[in-house]
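*Asks:* Submitted below is the structure of interest, expressed as structure tokens.
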Amino acid sequence: MRVHTSATRGLIPLLGAFALVSCTGSVPAPNAVIAGGAQTVNTGDFVQLDGSGSSDSQNRAIAFSWSFAKRPLGSQISLIDANSPRASFKADAPGEFVVELIVSNSLLVSAPARVTVTVADCGAHAPTVNAAATPSTTKPTGVVQLTATASDADNACGLTQTLTVRWTLDTRPQGSTALPTSNTLATISFTPDKPGNYEFSVIASDSTGRSSQPATVIVTATTCSEDLPGVGSISISSGGAKVMGTAITLEANNVTDTNCLSTGSPQLQWSLTVPAGSRAALDNVFGNTPTFHPDMPGAYVVSVTARNSEGKTSDAVFLTINVAACSAAPPQRPTILGIAATQEDPDGGPLLGTSANPIPHVGTTVTLIPDGVVAAYCGAIPTTPLTYTWTVTQRPAGSQAQLDSSVASSPTFTPDKVGHYQFAAVAKDALGNSTASKTFDFDTSDCGTNPLAATISDAPGLLPFDDHTLTALPAVVPDPLVPAHKVFTLDDELAVCPSRFAGRYTFTWSVSSSAPVAGFVFDTLHGTQAKLSPGGNAVYDVKLAIDGSIAHALSVAPSSLCLSPGSTAYSYLWSLGSRPAGSQSVLSSVTSATPTFLADVSSGTWTASVIVVDKLGNRSLPTTASFTSESCGINPILASINDISQGKAFDPHALSVVANGPNGKFSRDDDSTLCPTRFAQTYAYSWSVVPNAGQLPLTDFILNAPALATPADPKTADFAAGTSGSYDVSVRLTGSKQGTSTPHDSIAVNCSAPNPVVSVPAVTAVSDPDNYFKTGLYFRDDTISFSGAASSATCYSTGNFHPTFEWSLTSDDGAAVFSSSTNTASLIAHKSGGAYDVKLKVKDQWAHSSTKDLALVTELCGKNVVSVLVSAQHPVGQTQAFDPYTVTINASSVDDDITSCPGRFAQTYALSSTVTPPTGVTNFTPASSSATPFTLNIGDNGTFHIASSATGSKSGVIGNASTDVTVSCSNSSPTFTNETANPAIDIASVTPPSGDTFARAAGQFFRDDKVTLEAPASFACYSNDINSGLHYTWRLGKVDDGRAGLPPLNNATSAMPDFTADQPSRTYVVGVKVQDRWGHGGTNPETRTVTFTSGDCGGNAFAATLDVAAGKPRDVRQLTLQPASGSHFNKDDSTACPTRFA
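Printed below as a string of structure tokens:
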């Protein structure tokens, strides 16, 4: 050994010193060992590799390194735990894997150890799948059964692959929402909902994750659901004469519907086009036999369409019916038999006269009521109702009164002047024929113009110059029977005139010119009572004027150049030189110093002249003076209209009459500072509006003026309009004593978007009987509540838009209707899968409207397709062709799925199955069944079609499915077990009589032995005899041996019959026929025969010899009988026979 050292500057470092020691001999490398040797596995198996047997001769630690020296093409697998003693990998591809192991210590590396793993292709196969549709062509809503048949070759090499399938609906017609009942079952159901092709693909996957290529199948739904109904023609079932007034009844002929989805008869819808002027209409546009009454001659065009339950509508069919005029006489002209009147007084005053001869007061409302009649035409054509036209043909001078309507059937009229009024009315019937003009007259009462009369009562004092109390006393006696009851005028008598006419006069007291110079004093000039204070001795001529005008007193102050004042008495000559037009005034005296005259005209001028004569007879020149009365009583009425609105086009206008006269009065007459109070008056207000003057007439407006009889202020009115345009609103003021005024207000209305903005009806609540809720889904029997909203901010300010709501509902079957006039509505869904159109029409107060619809569809719950799966399988372990089939029918529907439908729709199913055999085949049972499962027994080859249906107990929907069972048995005859090596029929056992212990050879029997037979058989088409119903028919005969008799064959239909041999050495002929439950096995007496011969024991002949002892002829000799041979005279005595035969 050599030791190497290293020195630095003479120092030997201890740290880092090392020595290399080597032996002159070699050190072995580690040894890599793979346990087990070569392996053969299937694709997909895990391969375990064990290198734990590797070692190092010096027990040094070794490291492991596994790697692939070779892999099959396509393998991507890696080794697991490649640096541990034990590694593994998954055989991911068929072929040869060579795995190499190298171990190493810290210095040396082993030689590689290799092992070969051969991977078979078992486990590498992808599954295959086939797809089928039964039926492949159907109508929409027809149920189709899709079947995927998957297989995997790996199962044939000992692997057990679990196969799963996944279906995909690749294409379907536009608009279809149909889906299969499952995506992962081998057999699924599918119901197409639209005509067209539905393409499905299915992929099978095995437990290794390998998948098949997709298999496709196409289901075609025919277009029969698109077929339209049809109507052949229209005919007249009654009224074929086609004459006015005769009802015509129609019917549609050859109404057809080939649509494969529709149910029930199509719904007819009729329409009728009539000649101009006709008012004929069909009595039922949805009936099967509608009727109409032609009321005009001419062409009536009838059309009809048919609509089926699927909503498909036929083309319209038309029929033109030419109706002739009836042969009746032309219609009579209408007649107004008379006109009556009713009265209504605003003060509740007395109503005078009769309905035929009324005597209304001024201001009383008179309603004119005509009695018009007209006969029907052609017996059935109505000519009513009558329409009227009214005119005022006569009224007093100065009257402005008008009818409230010239076309109303009963117009009203309020007379405004005392006098005579006349009216004319013309009636027109529905055919346009008019009556002659009919007049109606009345005269008003005199209320308001009755004359005045009074007397004066004088109550003097005790002394000459005491005051005289003067009292005006009424002098008019209304009723001669009550002379003590007096009034100033009949206007004051409430039994004669309304209260509004009472007290409409003034009192004026005066003294004529005969009064003394000292004069007199009145405490008042007006009133019903006055005090006169005389100024000296004289006769005082007191006068009382009662009138609506004031008496003017004239006076003059004469003087003379020749006579001192007071030295002469003057006399006077008065005259009225001129009077205003219409005045009837006269001087109270032409010689009085102070004559008077009445100023009976307002704003009139009177000219008075006077000549004064002194005591000497000297006359003055005439002195003239003019007197002008104030305008009180004729002053104009000054008024205007105040208009207040919120500013939007259709907002209402609050209108009021504004007084524009002095001091806020309508007229000076009403101002007590300007005119006496007797001129003040009340006013009647009559509002009116003229729409769109000079342009197209407008009708959408309203003017509400309160009636005078109500406590509402008649000076106000509300106006509103619902159509753009201009409106001239006016109010006519009529004074109770005089004058009128008509102020105007021009209102412009302009709304560019008058229709309300309506929101789509909203579902606010759903009430389900089962408290089952799914947002956005609706089910039959649900109560669905809606609300609607609308606005019209363009034309109305807040609070002025007053919508009305009109709800309507149509359903696809026409059965569901509802209506509501509020902003809410509700419906009870009556149909599964029903389509509802909820329509909300909102109108403003002018009937401007907008409509919004909400379409709802109820889910099919209660009407869902019933899916039926039918399968026919042999019981487990029974795989032969004629083994029974267990037929199982499974019915289901989405109706039963609580995750899709409320629980009330879950149901049971009534099942029905029928089995259709191949032509001519009768060996099967049952032909039909209502049970599941049921057992189907088949005894002939061929394909048997099983059609099953299931009817939902609640929905009544019927689902159908079918499957075929193909039976093929190559040999339906029995096979005898012993037929090859032995005769088919054999002796199963021989039972000797009691005490017989003779040992018999196989098949040996003797007389009196009980012989039990057998002929074991089976049918290859059955797995066991129970299924086959195997049964025997045996026959026993004999070969004719001249001996009579034949023993009976017991249990001749059992598998092991028996008989008792009745003769020795008799040959018995045994035949047997073996059949299954269907009679397979032949129809001959027997299909197999064999003979059996009984032993001869008991029937053998005796054989003996006689031995005579030697001697002389006459010697007594000994005779000895000896068996002819052997030791027995008879075989029966030998050991060859039972001892009972010895």
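Counting from 79, one number per residue, gives the positions in the sequence shown under our numbering. Every residue gets a Cβ at the ideal spot worked out from N, C-alpha and C, and that includes glycine.
1) Using CA atoms only, rank isn't needed, just tell me which of Phe857, Ala502 and Leu541 is closest to Asn615.
2) Just grab the DSSP bridge partners of Ile281 for me.
3) So Ser663 packs on Leu651, CB below 8 Å; how close in whole Å?
4) By the DSSP assignment, the alpha helix (DSSP H) with Asp1103 in it spans what residues?
5) Pick from Tyr850, Ile417, Ser483 and Ile862: whose alpha carbon is nearest that of Val841?
6) In the structure shown, what three-state DSSP assignment does Thr86 receive?
7) Run through the DSSP bridge pairs and tell me what Pro576 is partnered with.
8) Could you say which of Ala758, Pro832, Ala537 and Gln1196 lies nearest to Lys726 if we only look at CA atoms?
9) I'd like the ranges of any beta strand (DSSP E) spanning at least 3 consecutive residues and lying wholly in the segment 1097 to 1182.
10) In angstroms, rounded to a whole number, what distance separates the CA positions of Lys1190 and Ser1072?
11) Let me make sure I understand the geometry here. Which of Val679, Gly655, Ser649 and Thr674 has the alpha-carbon closest to that of Ile689?
12) Take Thr900 and list the residues in its own chain whose beta-carbon comes closer than 8 Å to its own, dropping the five residues that flank it on each side.
13) Just how far apart, CA to CA, sit Asp846 and Pro489?
14) What residue ranges within the segment 130 to 195 form continuous beta strand (DSSP E) runs of no fewer than 3 residues, ordered along the chain?
15) Pull up the distance between the alpha-carbon of His563 and that of Leu551, whole angstroms please.
16) Where does Gly981 fall in DSSP's three states?
17) Can you tell me whether DSSP reads Thr1198 as helix, strand or coil?
18) On the criterion of 16 or more Cβ atoms from any shown chain inside 10 Å, does Thr383 qualify as buried, or is it exposed?
19) Would DSSP call Asn713 helix, strand or coil?
20) Taking the alpha carbon of Asp128 as the reference point, which residue from Ser135, Val119, Trp144 and Asn120 has its own alpha carbon closest?
21) Are the CB atoms of Tyr987 and Ala1028 nearer to each other than 8 Å?
22) Give the range of the beta strand (DSSP E) segment to which Phe1054 is assigned.
23) Give the single residue among Leu733, Ile715, Leu716 and Asn713 whose Cα lies nearest to the Cα of Ile722.
24) What's the call for Asp1210, buried or exposed, on a 16-neighbour Cβ count within 10 Å?
25) So the candidates are Gln291, His371 and Thr334; which of them puts its Cα closest to the Cα of Gly318?
26) Which value, in whole angstroms, describes the spacing of the CA atoms of Pro529 and Asp494?
27) Using beta-carbon positions only, say whether Asp806 and Val768 come within less than 8 Å of one another.
28) Leaving out the 5 sequence neighbours to the left and right, which residues in its chain are closer than 8 Å to Ser340 when beta-carbon positions are compared?
29) Could you check if Gln421 is buried or exposed, using at least 16 other CB atoms within 10 Å of its CB as the buried criterion?
30) Please classify Asn738: does DSSP put it in a helix, a strand, or coil?
31) Using CA coordinates, which residue listed in Ser1143, Ala1139, Ala959 and Ser970 is at the minimum distance from Ser1106?
32) What did DSSP end up calling Pro775 once you bin it into helix, strand or coil?
33) Report buried or exposed for Val99, applying the criterion of at least 16 other Cβ atoms within 10 angstroms of its Cβ.
34) What is the DSSP secondary structure of Arg1218, reduced to helix, strand or coil?
35) From the DSSP secondary-structure annotation, give me the bridge partner or partners of Ala198.
36) Less than 8 Å between the C-beta atoms of Phe864 and Val916, yes or no?
*Replies:* A quick look at the data gives this:
1) For the purposes of this step, residue 615 is identified with residue 537 of the sequence shown, where counting begins at 1. Selected option, being the one with the closest Cα: Leu541.
2) Numbered from 1 along the sequence shown, position 203 holds the residue referred to as residue 281. When DSSP reads this structure, Ile281 sits in a beta bridge with Arg244.
3) Position 585 of the sequence shown, counting from 1, holds the residue named residue 663. Position 573 of the sequence shown, counting from 1, holds the residue named residue 651. Actually they are not in contact, since the Cβ atoms of Ser663 and Leu651 sit about 18 Å apart, beyond 8 Å.
4) Mapped onto the sequence shown, residue 1103 falls at position 1025. Run containing Asp1103: Asp1103 to Ser1106, per the alpha helix (DSSP H) assignment.
5) Translated into the one-based positions of the sequence shown, residue 841 becomes position 763. Ranking Tyr850, Ile417, Ser483 and Ile862 by Cα distance to Val841 puts Ile862 first.
6) Residue 86 sits at position 8 when you count from the first residue of the sequence shown. Only weak support is given to the placement of Thr86: the predicted model assigns it a pLDDT of 32, under 50, and the value that follows is read from those uncertain coordinates. In the structure shown, Thr86 falls within a strand segment according to DSSP collapsed to helix, strand and coil.
7) Here residue 576 refers to the residue found at position 498 when the sequence shown is read from its first residue. The partner list for Pro576 (beta bridge, DSSP) is empty, contrary to what the question assumes.
8) In the sequence shown, residue 726 corresponds to position 648, counting from 1. Closest option to Lys726, Cα to Cα, is Pro832.
9) Within the segment 1097 to 1182, the complete beta strand (DSSP E) segments at least 3 residues long are 1109 to 1116, 1136 to 1138, 1145 to 1153 and 1166 to 1171, listed from N- to C-terminus.
10) Against the sequence shown, residue 1190 aligns to sequence position 1112. Against the sequence shown, residue 1072 aligns to sequence position 994. The alpha-carbon atoms of Lys1190 and Ser1072 are separated by roughly 53 Å.
11) As a position in the sequence shown, residue 689 is number 611, starting the count at 1. Comparing Cα-Cα distances from Ile689 to each of Val679, Gly655, Ser649 and Thr674, the minimum goes to Ser649.
12) As a first step, residue 900 must be located in the sequence shown, where it is residue number 822. Phe883.
13) Here the question's residue 846 lines up with position 768 in the sequence shown. Here the question's residue 489 lines up with position 411 in the sequence shown. For Asp846 and Pro489, the distance between alpha carbons rounds to 57 Å.
14) Counting only unbroken stretches of 3 or more residues, the beta strand (DSSP E) elements lying wholly within the segment 130 to 195 are 141 to 148, 164 to 168 and 173 to 182, in sequence order.
15) Start at 1 with the first residue of the sequence shown, and residue 563 comes out as number 485. Start at 1 with the first residue of the sequence shown, and residue 551 comes out as number 473. So the alpha carbons of these two residues sit roughly 11 Å apart.
16) Mapped onto the sequence shown, residue 981 falls at position 903. Helix, per DSSP.
17) Indexing the sequence shown from 1 puts residue 1198 at position 1120. In the three-state reduction of the DSSP assignment, Thr1198 falls in the strand class.
18) Along the sequence shown, read from residue 1 onward, the residue named residue 383 stands at position 305. Thr383 is buried by the Cβ-count criterion.
19) To locate residue 713, count along the sequence shown from 1; it is residue 635. Reduced to three states, the DSSP call for Asn713 is coil.
20) For the purposes of this step, residue 128 is taken as residue 50 along the sequence shown, with counting starting at 1. Nearest option by C-alpha distance: Trp144.
21) For the purposes of this step, residue 987 is taken as residue 909 along the sequence shown, with counting starting at 1. For the purposes of this step, residue 1028 is taken as residue 950 along the sequence shown, with counting starting at 1. Contact flag set, yes.
22) Position 976 of the sequence shown, counted from the start, is the residue given in the question as residue 1054. Run containing Phe1054: Pro1052 to Phe1054, per the beta strand (DSSP E) assignment.
23) As a working mapping, residue 722 is identified with position 644 in the sequence shown. Comparing Cα positions, the closest option is Leu733.
24) The residue you call residue 1210 lines up with position 1132 of the sequence shown. By the 10 Å Cβ count, Asp1210 comes out buried.
25) The residue you call residue 318 lines up with position 240 of the sequence shown. Checking every option, the nearest Cα to that of Gly318 belongs to His371.
26) For the purposes of this step, residue 529 is identified with residue 451 of the sequence shown, where counting begins at 1. For the purposes of this step, residue 494 is identified with residue 416 of the sequence shown, where counting begins at 1. Each residue's Cα considered, the two are about 19 Å apart.
27) Counting from 1 along the sequence shown, the entry for residue 806 is found at position 728. Counting from 1 along the sequence shown, the entry for residue 768 is found at position 690. A contact, by the Cβ cut-off of 8 Å.
28) Residue numbering aside, residue 340 sits at position 262 when the sequence shown is read from its first letter. Only residues of its own chain outside the window of five on either side were considered, and among them Pro307, Asn386, Ser387, Glu388 and Lys390 have a CB closer than 8 Å to the CB of Ser340, listed in chain order.
29) Residue mapping note: residue 421 aligns to position 343 of the sequence shown, counting from 1. Looking at its Cβ environment, which holds 16 or more other Cβ atoms inside 10 Å, Gln421 is buried.
30) Residue mapping note: residue 738 aligns to position 660 of the sequence shown, counting from 1. Looking at Asn738 - three-state DSSP - the assignment turns out to be coil, as it is neither helix nor strand.
31) Walking along the sequence shown from the start, residue 1106 turns up at place 1028. The residue with the shortest Cα to Cα distance from Ser1106 is Ala959.
32) The residue labelled residue 775 in the question sits at position 697 within the sequence shown. No answer about Pro775 holds up, because its pLDDT of 49 lies below 50 and its placement is not dependable.
33) For the purposes of this step, residue 99 is taken as residue 21 along the sequence shown, with counting starting at 1. Because the pLDDT at Val99 is just 38, under 50, the model does not fix this residue reliably, and the value given afterwards should be weighed accordingly. Burial is judged here by how many other beta carbons sit within 10 angstroms of a residue's own beta carbon; Val99 has fewer than 16 and is exposed.
34) Counting from one through the sequence shown, the residue named residue 1218 turns up at place 1140. Correct three-state label for Arg1218: helix.
35) Sequence index remark: in the sequence shown, residue 198 carries index 120 (1-based). Answer is Asn120, bridged to Ala198.
36) Your numbering for residue 864 matches position 786 in the sequence shown. Your numbering for residue 916 matches position 838 in the sequence shown. Going by C-beta atoms, Phe864 is nearer than 8 Å to Val916.
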